[in-house]
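Just below is one structure, and these are the notes that go with it.
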Amino acid sequence: MSHCILNSNSKVEGLSNSPGIISEVMNLLMEKQIGIIQLPCPEMVVYGIKRWGHVREQFDTLFFREKCQDIIKPITYQLLDYVKNGYKVIGIIGVDGSPSCGVNLTCSGDWGGEFLGNIDVLNKVTQLSQVES
Ligand code: SF4
């Protein structure tokens, strides 16, 4: 499960609609007695809590990709061990709209550069879009 479903504090500041945990998802999983592995938040790991909102194109760097592979490795090992021992992995829950965790949708656009002096910021923001991951 994407990190911020269990800890929405990891989201870009001001973007979370929930105070700390997305309870609808958790209630459902608890009702069905489904175990959860919380994935690391790649954006938090690389950029921290003070990051701006990004688009997919900004994170598409060799460093970010390598970091994602590093932090997911121990989780992959855990999953393989569960499967080896007869457990079933029934799904992955991501966050549509996220440039890092969007499963069906991600945030895309021509975005970057310096804020100061960029008089076209609002125009640029309105051109950002949600596209298929
Ligand atoms: S990168 Fe993923 S886990 Fe982190 S805040 Fe965005 S959607 Fe949530």
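For the sequence shown, position 93 (counting from the first letter as 1) is numbered 94 according to this note's numbering, and the numbering increases by one without interruption.
All C-beta atoms, glycine included, are put in the ideal place defined by N, C-alpha and C.
These figures come from a predicted structure and were not determined experimentally.
Inset, instruction - For the alpha helix (DSSP H) containing Ser24, list its first residue and its last residue. - result: 24-32
Inset, instruction - Just jot down, in chain order, the residues whose CB lies closer than 6 angstroms to any heavy atom of the ligand SF4. - result: Ser3, His4, Cys5, Ser11, Lys12, Cys42, Pro43, Glu44, Met45, Val96, Ser99, Ser101, Cys102
Inset, instruction - Would you decide whether Glu44 is buried or exposed? Buried here means 16 or more other CB atoms lie within 10 Å of its CB. - result: buried
Legend entry - Own chain, CB closer than 8 angstroms to Val30, minus 5 neighbours either side, in chain order: Reading the sequence as shown, one finds Leu at residue 30 and not Val. Same-chain partners within the cutoff: Ile37.
Inset, instruction - Go through the region 65-121 residue by residue and report every complete run of the beta strand (DSSP E) that reaches 3 residues or more, in order. - result: 106-109
Inset, instruction - Using a threshold of 8 angstroms, state whether the C-beta atoms of Arg66 and Pro100 are closer than that. - result: no
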